Amino acid sequence: MHQQWHRLDMIGGSLSVLCAVHCILTPILVSSLPFLGYAAVDSALGASLIAVASLAIVGGAAQHGRFTALIPYAAGVAVFFARNLVGEHGSTAETMMLVLASGFFLAAHLINFRLCRTEEAIGRPH
């Protein structure tokens, strides 16, 4: 069971980094390659990021009994959805908020990963 949460945290952390890189590079790529399908990629990446984070963070909290990782996770979800209130799709403000949300998700995965490893190290029963 521990491996499942570790794997999800690794996937979620990778998705968070990928999302941040995507948000930073997309304006450059979109200007030169308009056929990339930005909106579809953006939606799919966002949905994947939140789904994996939800499974990993909530599952990890159930395993180790600590809810510390839920704070940056909740902040990431809030910022992710609030981005629609700040400007147009693809605006600088939206991009900055998506990078911030990715940072919150990455922090949540790192905290959760560390808590799960601490749980293993001290040998608590599951």
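Take 515 as the starting number for the sequence shown in the working numbering and just add one per residue. Ideal Cβ placement from N, Cα and C applies to all residues, glycine included. Small disclaimer: the values here were computed from a predicted structure and weren't measured.
Beta-carbon contacts of residue i that lie in its chain and below 7 Å, excluding the five residues immediately before and after
| i | result |
| --- | --- |
| A607 | V600, G601 |
| L620 | G527, S530, V531 |
| F581 | A575 |
Close Cβ partners of residue i (< 8 Å) along its chain, the five nearest in sequence each way excluded
| i | result |
| --- | --- |
| A558 | none |
| L584 | I571, V572, A575, A622 |
| I525 | V566, A570 |
Span of the alpha helix (DSSP H) around residue i
| i | result |
| --- | --- |
| F581 | Where F581 is concerned, there is no enclosing alpha helix (DSSP H), given that its DSSP letter is neither H nor E. |
Simplified DSSP state of residue i, which is helix, strand or coil
| i | result |
| --- | --- |
| S546 | Interpretation of S546 is limited by its pLDDT of 48, a score under 50 that renders its predicted location unreliable; the figure taken from the coordinates is listed afterwards. If DSSP states are grouped into helix, strand and coil, S546 belongs with the helices. |
| V600 | coil |
| S562 | helix |
| S605 | coil |
Cβ-based burial, residue i [other Cβ within 10 Å; buried from 16]
| i | result |
| --- | --- |
| A576 | exposed |
| S616 | buried |
| N643 | Residue 643 lies beyond the stretch modelled for the chain, which goes from 515 to 640, so this question has no answer here. |
| S605 | exposed |
| H603 | exposed |
| P548 | Unreliable placement is indicated for P548, whose pLDDT of 44 sits below 50; no coordinate value is reported for it. |
| V566 | buried |
Chain-order list of residues whose beta-carbon lies under 6 Å from that of residue i (same chain, five-residue window excluded)
| i | result |
| --- | --- |
| V593 | M611, L614, A615 |
| F618 | P586, A589, G590 |
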